[in-house]
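S.K.:
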Amino acid sequence: MDAYEFINFHLVPGLLLGSIYAIGAIGVTLVFGILRFAHLAHGDMITLGAFLVLGVMALSGLDPWLALPIAMVLSALIAIGIDASCYDYLRKRPRILTVMASLGVALMVRAVVQMGWGTDPTTYATGIVRPTEYFDFILLRDRELATFAVVIALVVGLEAFLRLTRWGRAMRAMSDNPDLARLCGVDTRQVVRLTWVIVGMLCAAAGFLLGINTEVWAMMGWWALLSIFAAAILGGVGRIDGAVLGGLIIGVAEELSVLILPSQYKSATAFAILLLILLVRPRGLLKGKVL
Amino acid sequence: MDPGLLNYLLFIFVLVGIYGLMSLGLNVQWGLAGLFNAGIAGFFAIGAYTSAILTSPEVAGRVGGFGLPILVGWAGAMILSVALAWPIGRVCLRLRSDYLAIATIGVAEIIRLVARSEDWLTGGVRGISGIPRPFGELSYLASQWAYLAIVLTVVVMAYLLIERQLNAPWGRMMRAIRDNEAAAAAMGKRVDKRRLEAFILGSALMGLAGALFVHFNRSITPEAIDPMIVTFLVWIMLILGGSGNNRGALLGALLIWLIWSMSELLTDLLPTEIAIQAKYARMFLIGLALQLVLRFRPEGILAERDPSTLRNEGPR
Amino acid sequence: MIRKRFAAALTATALLTIPPVSAQDEVRIGLLFGISGAISAMAPTMVDAARLAISQVNAQGGIGDGKTLVGTLGDSGCNPQNATDAATKAVNIDRAVAIVGPSCSGSVLAAAHSVTVPTGTTIISPSATSPELTRLNDRDRVFRTVPSDGYQGAALARALLERGIETVAVTYIANDYGAGLAESFRSEFEANGGTLAAYQSHDGSKASYRSELSRLARSGADTLMIFDYGDGSGLTILRQSLENGFFEQFVGADGMQSKALIRAIGAENLEGLLISAPIGAGAEALERFSQAFRAENGNPEGIFAATSYDATFLLALALEHADGDRNALPQSLRAVATAPGEPILPGEWEKAKQLIAAGEEIDYKGAAGDHEFDDAGDVPGAYALFKVTGNDFEIIAPID
Numbered sequence: 000m001d002a003y004e005f006i007n008f009h010l011v012p013g014l015l016l017g018s019i020y021a022i023g024a025i026g027v028t029l030v031f032g033i034l035r036f037a038h039l040a041h042g043d044m045i046t047l048g049a050f051l052v053l054g055v056m057a058l059s060g061l062d063p064w065l066a067l068p069i070a071m072v073l074s075a076l077i078a079i080g081i082d083a084s085c086y087d088y089l090r091k092r093p094r095i096l097t098v099m100a101s102l103g104v105a106l107m108v109r110a111v112v113q114m115g116w117g118t119d120p121t122t123y124a125t126g127i128v129r130p131t132e133y134f135d136f137i138l139l140r141d142r143e144l145a146t147f148a149v150v151i152a153l154v155v156g157l158e159a160f161l162r163l164t165r166w167g168r169a170m171r172a173m174s175d176n177p178d179l180a181r182l183c184g185v186d187t188r189q190v191v192r193l194t195w196v197i198v199g200m201l202c203a204a205a206g207f208l209l210g211i212n213t214e215v216w217a218m219m220g221w222w223a224l225l226s227i228f229a230a231a232i233l234g235g236v237g238r239i240d241g242a243v244l245g246g247l248i249i250g251v252a253e254e255l256s257v258l259i260l261p262s263q264y265k266s267a268t269a270f271a272i273l274l275l276i277l278l279v280r281p282r283g284l285l286k287g288k289v290l
Numbered sequence: 000m001d002p003g004l005l006n007y008l009l010f011i012f013v014l015v016g017i018y019g020l021m022s023l024g025l026n027v028q029w030g031l032a033g034l035f036n037a038g039i040a041g042f043f044a045i046g047a048y049t050s051a052i053l054t055s056p057e058v059a060g061r062v063g064g065f066g067l068p069i070l071v072g073w074a075g076a077m078i079l080s081v082a083l084a085w086p087i088g089r090v091c092l093r094l095r096s097d098y099l100a101i102a103t104i105g106v107a108e109i110i111r112l113v114a115r116s117e118d119w120l121t122g123g124v125r126g127i128s129g130i131p132r133p134f135g136e137l138s139y140l141a142s143q144w145a146y147l148a149i150v151l152t153v154v155v156m157a158y159l160l161i162e163r164q165l166n167a168p169w170g171r172m173m174r175a176i177r178d179n180e181a182a183a184a185a186m187g188k189r190v191d192k193r194r195l196e197a198f199i200l201g202s203a204l205m206g207l208a209g210a211l212f213v214h215f216n217r218s219i220t221p222e223a224i225d226p227m228i229v230t231f232l233v234w235i236m237l238i239l240g241g242s243g244n245n246r247g248a249l250l251g252a253l254l255i256w257l258i259w260s261m262s263e264l265l266t267d268l269l270p271t272e273i274a275i276q277a278k279y280a281r282m283f284l285i286g287l288a289l290q291l292v293l294r295f296r297p298e299g300i301l302a303e304r305d306p307s308t309l310r311n312e313g314p315r
Numbered sequence: 000m001i002r003k004r005f006a007a008a009l010t011a012t013a014l015l016t017i018p019p020v021s022a023q024d025e026v027r028i029g030l031l032f033g034i035s036g037a038i039s040a041m042a043p044t045m046v047d048a049a050r051l052a053i054s055q056v057n058a059q060g061g062i063g064d065g066k067t068l069v070g071t072l073g074d075s076g077c078n079p080q081n082a083t084d085a086a087t088k089a090v091n092i093d094r095a096v097a098i099v100g101p102s103c104s105g106s107v108l109a110a111a112h113s114v115t116v117p118t119g120t121t122i123i124s125p126s127a128t129s130p131e132l133t134r135l136n137d138r139d140r141v142f143r144t145v146p147s148d149g150y151q152g153a154a155l156a157r158a159l160l161e162r163g164i165e166t167v168a169v170t171y172i173a174n175d176y177g178a179g180l181a182e183s184f185r186s187e188f189e190a191n192g193g194t195l196a197a198y199q200s201h202d203g204s205k206a207s208y209r210s211e212l213s214r215l216a217r218s219g220a221d222t223l224m225i226f227d228y229g230d231g232s233g234l235t236i237l238r239q240s241l242e243n244g245f246f247e248q249f250v251g252a253d254g255m256q257s258k259a260l261i262r263a264i265g266a267e268n269l270e271g272l273l274i275s276a277p278i279g280a281g282a283e284a285l286e287r288f289s290q291a292f293r294a295e296n297g298n299p300e301g302i303f304a305a306t307s308y309d310a311t312f313l314l315a316l317a318l319e320h321a322d323g324d325r326n327a328l329p330q331s332l333r334a335v336a337t338a339p340g341e342p343i344l345p346g347e348w349e350k351a352k353q354l355i356a357a358g359e360e361i362d363y364k365g366a367a368g369d370h371e372f373d374d375a376g377d378v379p380g381a382y383a384l385f386k387v388t389g390n391d392f393e394i395i396a397p398i399d
């Protein structure tokens, strides 16, 4: 196997998938860090985001990339609504109950998607798209370049928000030490709501990017859930840069795994990495928090 | 009583018994020792496939053909579950609760992938059939009664065993560790050893449940060990019934299975044009039911008898 | 107190949901399909096809002296737990005298072992293709209108060799559908001189298969066999192969015959796609079914649509023939489905009723095949090759 093949059919797809996992992992790590539970509904929220874009396209006739921001806003509102009705009252209870509640939410969201759009896979656009060759070496499609651009924009934007704005600093404070944050005057309820807004937007973006590079179908998010969790934990819980790093590693590892493992074990790659990191270095590569 | 209804109830109670056994096992791990085991399906699979391999007839290309008696199969199921729970426990139990859950999900998924892929061991996607069933040659009604009797005997024995352990010093020590690990360790209790014991005991019961399931259906295929219908259901059963309480575990199994099964009959009452959507709605209802339980009675229906445990925040 | 009220409420609900004993003017059959679970995308079309058969029966005179045929829908979920639960409910609560389904082979095995064989309930599955079912000790109660994978894989192998395709790469979805097809394809293909440049299975739940495809393409074959579902990972694999220029020719089995492929990829890109699917001896039977189904807004090329229709229609014919005796259903099924007899095409219920009443033999020619049941309740496969034309799949030639 030569470099051309390795880069174009293993590395690039891995990085593409990995960057989508990264967006998902950022959302998961935010919930882990600020709300302190494993958000099992994250996968199905991603699915919902992808279908929301379809819905916006159907109602307004917009191009998918233009429908995305609208879908992100809708997803943010839905996330706040779900938190208010399903997680809020469990805040003082043992965390396992919130985890179970999120599993229930996952089922409900998935059922709504299936009832509303059926179970057939769909796409944002019909047809196939062949890649363009750059530098006589790398094959990339426009949608893939756009995906990378969106991911970079989201990550940079989020980091800037967390570091430079007051609300961002409040979120980081709550992630580090909620009691202290409260003592310093941080309005925890607002921070929670803000977290869900960001998580909702990220889920919509992840769903859309996954859908535009593959297909949109009711189980898409659930199947990616464990890879996304692996990515978040691998990088270090509570760290955005950790989630991005973890996502990229998991994505590339999955695509490279078929070189050594039989391909029906592709899913096992993420689990194996997850188990390994939990045993060897539970704080993750970039030393996030341990819950 | 209407014979159809009787048949149906017999069937329900066999499955409630099997799931109840898993619920009891989870209760030892979670309710008693505070271990968030989300890999129930993995131990169920180990027990199921072990008993299947030991008792089913020969098939070309696959390990098996031992044709051993059913009880040997069940013993093998428990032994292998214990044998695998030990290393998994030693390695994973020092993780914090959410991480333990994710690690055990990972373990269960790997087991499921192996079961699906390794034809030479598990029959791969085809699974294993021709598994013998105790009293299987009797008439339908008689063999259902017989199997129900077997399952109930096993469940009662497991219940009595765990109750005895609960009331013994071992049980009190487990609760002490769950509620305040630092204090227990300071008092010289071997925390990790006790937790491993609880984990292994629970896993043995889950493996046995797998074996009981497999002999009831006389076949096993990889779809049967999907986490959605094993792990998830058992967790809801324990939460609804009341974690920390053995009778709660069994009650939860009964109620959740009834809701699961009856919800289909309910959706059948809807007009046929939306019959398929109604089946998706069933999943929605299950999710909603879970939300309602968590909202209005999160400690479950039969709360743990020791009131001191209700005050605290729960394990890490 | 709360506990008692809760228990009482649950019991009341339970009693309410148990339907009354079936009325004297009804004949009930269970329709068990995998509505949730791995093949949920296919289920709606299968259910609609079954319902088409039922509505035709009722519109043309019903069963016996005008009894209404009623199908009670159950979700077998493509796993044994749901399947045994649904089958037990169908037999005991809904009082179904026979069952169409379940959809997945593992579900059929579980349901057969735990309830339908012990109660003597005849079941006829439109989509369970595992060879395990042939070996099943079922007291002649388990039938299927879909040929065992053993047949289709072998037929496809012969068809390709005939067309001069001698080297292929194979990828199959890791379930009993994919594995059964791949194995039977492999043995027939290699036995008759073909070469398998690559042979591997893939997980059906991933978003990207480019690395697997690159490995397969490196084997040097020009043709890729995709034993998968066109509304699942088969679509992803086909699309990613086309987009990256892996392979020129693609071949699939009936699982790939899905409109979702055409909608997502576009017919103009699918010229290199060949698909095999079961077909009746006469295209006329398929045409009748397709017309009737399209009139109800159904998709006749939907995966297992034709077999679901046939299974239901055959069951109705058998019920008519057996005159209410559920124990005579196996013999009646064979009598109405196998030659000799006056041919009955899809939709010809009234004609069939008259012939049965007159004591004449009939032979149902189904949309998906003639369904000449053998001793094990299996049907041999008659297949044809299809290609994509316009918005649809069009038959090229039957396979011997």
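Chains as they are written, first to last, in numbering that gives the first Met the number 0: chain A, 0 to 290; chain B, 0 to 315; chain C, 0 to 399. C-beta: ideal position from N, C-alpha, C; glycine also.
(1) Quick one: what's got a C-beta closer than 7 Å to residue 87 of chain B's C-beta in the same chain, skipping five residues either side?
(2) Please identify the residue among C/36, C/239, C/316 whose C-alpha is closest to the C-alpha of residue 363 of chain C.
(3) Closer than 8 Å, CB to CB, is residue 16 of chain A near chain C or not?
(4) Please tell me whether residue 102 of chain C and residue 75 of chain C are closer than 8 Å, where the distance is taken between their beta carbons.
(5) Cα separation between residue 75 of chain B and residue 63 of chain A?
(6) Take the Cβ of residue 131 of chain A as the centre, count every other Cβ of all protein chains shown within 10 Å, and call the residue buried at 16 or more, exposed below.
(7) Under three-state DSSP, which class holds residue 46 of chain A?
(8) With a cut-off of 8 Å, does the C-beta of residue 213 of chain A fall near any C-beta of chain C?
(9) Does the distance from the CB of residue 173 of chain A to the CB of residue 25 of chain A come in under 8 Å?
(10) Taking C-beta to C-beta, are residue 170 of chain C and residue 236 of chain C nearer than 8 Å?
(11) Hey, quick one: how far does the alpha helix (DSSP H) through residue 333 of chain C stretch, first residue to last?
(12) Based on the DSSP output, what are the partners of residue 219 of chain B in its beta bridges?
(13) Is it a yes or a no for the region 21–38 of chain C touching the region 80–92 of chain C, going by three-plus beta-carbon pairs under 8 Å?
(14) Give the single residue among C/56, C/42, C/96 whose Cα lies nearest to the Cα of residue 324 of chain C.
(15) Label residue 310 of chain B either buried or exposed according to how many other C-beta atoms from any shown protein chain fall within 10 Å of its C-beta, with 16 as the threshold for buried.
(16) Helix, strand or coil for residue 144 of chain C per DSSP?
(17) Given residue 194 of chain B, which residues of its chain have a CB within under 6 Å of its CB, disregarding the five upstream and five downstream residues?
(18) Give me, in chain order, the residues of the same chain whose beta-carbon lies closer than 7 Å to that of residue 62 of chain B; leave out the 5 immediate sequence neighbours on both sides.
(19) Determine the DSSP secondary structure at residue 201 of chain C, reduced to helix, strand or coil.
(20) Could you name the residues of chain A that residue 205 of chain C contacts, counting a contact when the two beta carbons are closer than 8 Å?
(21) With a threshold of 7 Å on Cβ separation, who are the neighbours of residue 194 of chain C within its own chain once the five nearest residues in sequence on each side are excluded?
(22) What is the DSSP secondary structure of residue 288 of chain A, counted as helix, strand or coil?
(23) Any heavy atom of the ligand GTP closer than 7 Å to the Cβ of residue 205 of chain A?
(24) Between the C-alpha atoms of residue 261 of chain C and residue 222 of chain B, what's the straight-line distance to the nearest angstrom?
(25) Looking at C-beta atoms only, is the number of pairs between the region 269–281 of chain A and the region 66–79 of chain A that lie closer than 8 Å three or more?
(26) Straight-line CA distance for residue 224 of chain A to residue 280 of chain A?
(27) Would you give the residue range spanned by the alpha helix (DSSP H) that residue 160 of chain A belongs to?
(28) Whole angstroms are fine: how far does the CA of residue 356 of chain C sit from the CA of residue 204 of chain C?
(29) In chain order, what residues of the same chain have a beta carbon less than 8 Å from the beta carbon of residue 13 of chain B, not counting five sequence neighbours either side?
(30) Does the structure place the region 163–182 of chain A close enough to the region 42–54 of chain A that three or more beta carbon pairs sit under 8 Å?
(31) Please go through the same chain and pick out, in chain order, the residues whose beta-carbon is closer than 7 Å to the beta-carbon of residue 123 of chain B, but skip the five residues on each side of it.
(32) Would you check if there are 3 or more beta carbon pairs closer than 8 Å linking the region 50–59 of chain A to the region 258–266 of chain A?
(33) For residue 193 of chain C, return the contacting residues in chain B, with the cut-off set at a CB-CB distance below 9 Å.
(34) Secondary structure at residue 41 of chain C, three-state DSSP: helix, strand or coil?
(35) DSSP three-state call for residue 279 of chain B: helix, strand or coil?
M.R.: Once the coordinates are examined:
(1) Here residue 87 of chain B refers to the residue found at position 88 when the second sequence is read from its first residue. Here the set comprises 106.
(2) Working through the third sequence from its first residue, we reach residue 363 of chain C at position 364. Residue C/316 is the option with its Cα nearest to residue 363 of chain C.
(3) Locating residue 16 of chain A in the first sequence gives position 17, where the first residue counts as 1. Taking Cβ atoms only, chain C reaches closer than 8 Å to residue 16 of chain A, which makes this a yes.
(4) Walking along the third sequence from the start, residue 102 of chain C turns up at place 103. Walking along the third sequence from the start, residue 75 of chain C turns up at place 76. Cβ atoms of residue 102 of chain C and residue 75 of chain C: closer than 8 Å.
(5) By 1-based counting over the second sequence, the position of residue 75 of chain B is 76. By 1-based counting over the first sequence, the position of residue 63 of chain A is 64. Using only the alpha carbons, I get a separation of about 56 Å.
(6) Position 132 of the first sequence holds residue 131 of chain A. Around the beta carbon of residue 131 of chain A, fewer than 16 other beta carbons sit within 10 angstroms, so the residue counts as exposed.
(7) In the first sequence, counting from the first residue as 1, residue 46 of chain A sits at position 47. Reduced to three states, the DSSP call for residue 46 of chain A is helix.
(8) Locating residue 213 of chain A in the first sequence gives position 214, counting from the first residue. It does: the Cβ of residue 213 of chain A has a partner Cβ on chain C nearer than 8 Å.
(9) Position 174 of the first sequence holds residue 173 of chain A. Position 26 of the first sequence holds residue 25 of chain A. Taking the C-beta atoms as reference points, residue 25 of chain A is found no nearer than 8 Å to residue 173 of chain A.
(10) Numbered from its first residue, the third sequence carries residue 170 of chain C at position 171. Numbered from its first residue, the third sequence carries residue 236 of chain C at position 237. Yes, the Cβ-Cβ distance between residue 170 of chain C and residue 236 of chain C is below 8 Å.
(11) The sequence position of residue 333 of chain C within the third sequence is 334, counting from 1. For residue 333 of chain C, the enclosing alpha helix (DSSP H) begins and ends at 328–336.
(12) Reading the second sequence from its first residue, position 220 is the one you call residue 219 of chain B. Paired residues: B/127.
(13) They touch, by the three-pair rule.
(14) Position 325 of the third sequence holds residue 324 of chain C. Of C/56, C/42, C/96, the residue nearest in Cα terms is C/96.
(15) Indexing the second sequence from 1 puts residue 310 of chain B at position 311. Annotation note: pLDDT 40 at residue 310 of chain B (below 50); position unreliable, no value reported.
(16) Along the third sequence, read from residue 1 onward, the residue named residue 144 of chain C stands at position 145. It is coil, neither helix nor strand.
(17) Reading the second sequence from its first residue, position 195 is the one you call residue 194 of chain B. So the qualifying residues of the chain are 32, 92.
(18) In the second sequence, the residue the question calls residue 62 of chain B occupies position 63. The answer, listed in chain order, is 52, 119, 120.
(19) Here residue 201 of chain C refers to the residue found at position 202 when the third sequence is read from its first residue. Residue state, collapsed to three classes: strand.
(20) The residue labelled residue 205 of chain C in the question sits at position 206 within the third sequence. Here the neighbours are 222, 253, 265, 266.
(21) In the third sequence, counting from the first residue as 1, residue 194 of chain C sits at position 195. 165, 166.
(22) Within the first sequence, numbered from 1, the residue matching residue 288 of chain A stands at position 289. Taken through DSSP and simplified to helix, strand or coil, residue 288 of chain A comes out as coil.
(23) Of ligands this structure carries none, so the ligand GTP is not represented either.
(24) Here residue 261 of chain C refers to the residue found at position 262 of the third sequence. Here residue 222 of chain B refers to the residue found at position 223 of the second sequence. One alpha carbon belongs to residue 261 of chain C, the other to residue 222 of chain B, and they sit about 30 Å apart.
(25) Note that the region 269–281 of chain A does not touch the region 66–79 of chain A; fewer than 3 beta-carbon pairs, one per stretch, sit closer than 8 Å.
(26) As a first step, residue 224 of chain A must be located in the first sequence, where it is residue number 225. As a first step, residue 280 of chain A must be located in the first sequence, where it is residue number 281. Rounded to the nearest angstrom, the two C-alpha atoms are 21 Å apart.
(27) Taking the first residue of the first sequence as 1, we reach residue 160 of chain A at position 161. Unbroken alpha helix (DSSP H) run through residue 160 of chain A: 141–163.
(28) Here residue 204 of chain C refers to the residue found at position 205 of the third sequence. Here residue 356 of chain C refers to the residue found at position 357 of the third sequence. Near 51 Å, if we compare the C-alpha coordinates of residue 356 of chain C and residue 204 of chain C.
(29) Numbered from 1 along the second sequence, position 14 holds the residue referred to as residue 13 of chain B. Result list for residue 13 of chain B: 143, 146, 147, 150, 215, in chain order.
(30) Contact fails: fewer than three Cβ-Cβ distances are below 8 Å.
(31) Start at 1 with the first residue of the second sequence, and residue 123 of chain B comes out as number 124. Taking C-beta separations shorter than 7 Å and ignoring five residues to either side along the sequence, the partners of residue 123 of chain B in its chain run 115, 116, 117, following chain order.
(32) No, because fewer than three Cβ pairs between the region 50–59 of chain A and the region 258–266 of chain A fall closer than 8 Å, the two stretches do not touch.
(33) In the third sequence, the residue the question calls residue 193 of chain C occupies position 194. Annotation: residue 193 of chain C has no Cβ neighbours in chain B at a cutoff of 9 Å; minimum Cβ distance is about 22 Å.
(34) Mapped onto the third sequence, residue 41 of chain C falls at position 42. Residue state, collapsed to three classes: coil.
(35) Within the second sequence, the letter at position 280 stands for residue 279 of chain B. Correct three-state label for residue 279 of chain B: helix.
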